[in-house]
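Start counting the sequence shown at 2; every next residue gets the next number (our numbering).
Idealized CB from N, CA, C, for every residue including glycine.
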Amino acid sequence: MPTTTVERLSDTRVKLSISVSPAELKPSIDHAYQHIAEQVQIKGFRKGKVPPKLIDQRVGRGEVINHAVSEGVDRFFRIATDAEKIRTLGRPEIVNTTLPKEDFSGDLVLEIETDVRPTFALPKLESLTVSVETSEVTAMQIDDELHAVRTRFGTLATVDRPAAKGDFVVLDLTAIIGGKTVDTASSISYEVGSGDLIEGLDEAVLTLTAGEKTTFTSTLVGGDNAGQEAEIEITVNQVKVREIPDADDEFAQVASQFDTIKELRADLKTQIEKRAVFDYATKAREALLDVLLAKVSIAVPEGVITDEVERHLEQEGREKDDVHRAEVTDSTTRSFRVQILLDELAEKEEVQVGQDELLQYLMQSAQQYGMDVNEFIKVVTENGQIQSMVGEVARSKALSVALTKVKVTDSKGKAVDLSEFTNSALSAVANPFDNGDHSDHGDHEGHNH
């Protein structure tokens with residue numbers, strides 16, 4: 002095994018001096034001869050069959066040594082970092098190379114600088130308190146929830162009057178471009194005011210009664226002519242109003258397992274309270290993360306941040322936007338600190354990621370990207386990103402574990418019970434910090450992720 006000495010240059014950077022003996026370098030030398038023999042063309046010898054002595058004469062031992070070093074440097078670096086238990090970040094930089102002599106005597110000495118994961122001490126979780134804003138369920142919230150249930154049990158009744166917002170109309174539509182019909186649709190049921198179909202339809206259909214027609218201009222959003230402006234002809238066949246049942250005991254018996262509307266309202270209140278727990282827990286996770294970040298000092302490697310910022314700006318084509326550069330630098334620095342903090346937390350809490358947890362995360366991610374889950378898994382596997390996904394799951398799970406150990410209170414200091422969320426989160430990992438930005442921020446870990 003190569004001999005390695007480690008010089009710490011800063012909290013986040015070290016220099017490795019790796020000495021490789023002639024015997025340790027020999028496999029790379031042998032491979033270099035084989036590779037060069039396959040590349041050179043020498044009269045009288047088939048490719049791959051050129052003897053080393055002839056390669057020494059025609060190519061030179063110096064080139065053989067350079068080839069062997071180039072081929073072996075990653076392996077020697079990996080052996081050294083594994084042996085010294087160094088967790089690297091970013092890309093290593095070779096700052097000096099001392100080659101063996103041309104008779105292959107003497108050691109190969111590699112001096113390599115690399116950013117490393119910073120070390121820090123986590124606070125005792127049991128000593129921490131985080132506060133979240135809570136609220137009592139209001140009668141209006143229960144009314145809204147009950148109205149949603151009643152609406153699901155509603156029926157549509159035909160009316161003989163102009164269409165109004167909230168009504169349902171049965172429509173025939175024709176799209177015309179340049180005097181030619183390019184698309185038609187018949188007997189479409191549409192809720193007036195929903196804005197779900199095509200821009201301008203809500204305004205066009207308002208005040209129309211069954212049997213009336215009108216035209217308007219809009220941009221098509223689907224089909225072969227998507228994005229083109231067309232004249233839209235609509236015919237209203239029917240106008241319908243949703244009739245919802247009264248909120249009484251009879252409705253409660255039809256819509257639920259309860260005998261009275263009072264019992265149904267009480268159950269709806271319980272459901273609202275349960276959903277609120279998940280909202281409180283998400284806020285508590287964010288608050289806990291802020292508390293942890295404030296209590297630990299995590300050194301940030303400038304090179305790793307700079308590389309990530311440059312990559313991000315280059316993808317956006319905004320390399321010269323200094324204001325945006327500052328914003329990206331701040332967000333990248335925070336993302337780095339969060340990742341390192343949660344990695345440390347996951348290790349300390351001995352978080353393990355099961356196959357089912359990883360699969361669920363992959364399914365959620367595929368849905369966020371609008372991809373088929375099997376295709377998404379194929380892509381991330383081919384790109385070598387599975388281990389990065391495992392890391393994401395572990396970090397999210399680590400924060401859920403931490404949440405079970407800290408004290409969570411409301412603004413009045415009263416304990417908030419989040420056990421329903423934490424129990425669920427530890428068996429089904431989600432990503433509550435997803436903000437819809439699915440750009441590839443990468444993984445900061447290097448060889449020893």
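*Per DSSP, Thr220 is paired with what?*
Looking at the DSSP assignment, Thr220 forms a beta bridge with Glu230.
*Could you name the residues that DSSP lists as bridge partners for Asn67?*
Paired residues: none, contrary to the question.
_Through-space distance from Glu25 to Lys16, alpha-carbon basis_ = Looking at the two C-alpha atoms, the distance is approximately 21 Å.
*Buried or exposed: where does Gln353 fall if 16 or more other Cβ atoms within 10 Å of its Cβ makes it buried?*
Counting the other CB atoms within 10 Å of its CB gives Gln353 a total below 16, which places it among the exposed residues.
*For Leu100, does the three-state DSSP call read helix, strand or coil?*
Secondary structure at Leu100: coil, using DSSP grouped into helix, strand and coil.
*Which whole runs of the alpha helix (DSSP H) in the stretch 294-380 are 4 residues long or more, in chain order?*
Counting only runs of 4+ residues, the alpha helix (DSSP H) found wholly inside the stretch 294-380 occupies 303-317, 323-349, 356-369, in chain order.
_Pairwise C-alpha distance: Gln316 and Gly61_ = Each residue's alpha carbon lies about 43 Å from the other.
*If you compare alpha carbons, which of Lys44, Pro28, Asp308, Ser336 is closest to Ser70?*
This sequence places Val at residue 70; Ser is not what is there. Among Lys44, Pro28, Asp308, Ser336, the Cα nearest to that of Val70 belongs to Pro28.
*Closest by CA to Ala300, which one among Asp184, Val310, Leu10?*
The shortest C-alpha separation from Ala300 is found at Leu10.
*Could you give the DSSP three-state label for Met90: helix, strand or coil?*
Inspection of the sequence shows that residue 90 is occupied by Leu rather than by Met. The three-state secondary structure of Leu90, taken from DSSP, is strand.
*Along the chain, where does the beta strand (DSSP E) that runs through Thr159 open and close?*
Here the beta strand (DSSP E) through Thr159 covers 156-159.
*Near Lys166, what residues of its chain come up, given a Cβ to Cβ distance below 8 Å and the 5 sequence neighbours on each side ignored?*
Answer for Lys166: Val193, Gly194, Asp203, Leu207, listed in chain order.
*Would DSSP call Ala416 helix, strand or coil?*
DSSP places Ala416 in strand when its eight states are reduced to three.
_Once DSSP output is grouped into helix, strand and coil, what is the label at Val150?_
Looking at Val150 - three-state DSSP - the assignment turns out to be helix.
*Could you please give the first and the last residue of the uninterrupted alpha helix (DSSP H) stretch that includes Lys54?*
From DSSP, the alpha helix (DSSP H) with Lys54 extends over 53-59.
*Could you check what DSSP says for Thr283 in three-state terms: helix, strand or coil?*
In the structure shown, the three-state DSSP call for Thr283 is helix.
_Exposed unless 16 or more other CB atoms sit within 10 angstroms - verdict on Gln239_ = So Gln239 counts as buried.
*Just how far apart, CA to CA, sit Ala33 and Glu320?*
So the alpha carbons of these two residues sit roughly 41 Å apart.
*Within 9 Å, strictly: CB atoms of Phe337 and Val305*: Yes.
*State the CB to CB distance for the pair Val374 and Leu363, rounded to an integer number of angstroms; the pair is presumed to be in contact (CB under 8 Å).*
That pair is a contact at about 7 Å.
*Simplified DSSP assignment, three categories, for Gln239*: The three-state secondary structure of Gln239, taken from DSSP, is strand.
*Which two residues bound the contiguous beta strand (DSSP E) that contains Gly129?*
What sits at residue 129 in the sequence shown is Leu, not Gly. No beta strand (DSSP E) contains Leu129, which DSSP labels as neither H nor E.
_Nearest by alpha-carbon distance to Gly180: which of Val131, Glu234, Phe377 is it?_
That would be Glu234, whose Cα lies nearest to the Cα of Gly180.
*asked:* Whole angstroms are fine: how far does the CA of Pro23 sit from the CA of Val430?
replied: Note on Val430: pLDDT 43, under 50, position unreliable in the model; the coordinate value appears next. Cα to Cα, Val430 sits roughly 50 Å from Pro23.
_Range of the contiguous beta strand (DSSP E) that encloses Phe169_ = Residues 169-178.
_First and last residue of the uninterrupted alpha helix (DSSP H) at Ser1_ = As shown, the chain starts at 2 and ends at 450. That puts residue 1 outside it, with no answer to give.
*asked:* Which residue marks the beginning of the beta strand (DSSP E) containing Ser190, and which one marks its end?
replied: Per DSSP, Ser190 belongs to the beta strand (DSSP E) from 181-192.
*Rounded to the nearest angstrom, how far is the Cβ of Ile30 from that of Phe105, given a contact under 8 Å?*
That pair is a contact at about 7 Å.
*Distance between Thr405 and Lys420 (C-alpha atoms, nearest Å)*: Looking at the sequence provided, one finds Ser at residue 420 rather than Lys. CA-to-CA, the gap between Ser420 and Thr405 works out to about 7 Å.
_As a quick exercise: from Asp418, Glu251, Ala186, Asp268, pick the residue whose alpha carbon is nearest that of Gly224._
Taking Gly224 as reference, the option from Asp418, Glu251, Ala186, Asp268 with the minimal CA-CA separation is Ala186.
*Do you know offhand how far Arg335's Cα is from Ile341's?*
Spanning the alpha carbons of Arg335 and Ile341 requires a straight line of approximately 10 Å.
*So Leu209 and Ile189 are in contact, right, with Cβ under 8 Å, and what is the actual spacing, rounded?*
The C-beta separation of Leu209 from Ile189 comes to about 14 Å, leaving the pair out of contact by the 8 Å criterion.
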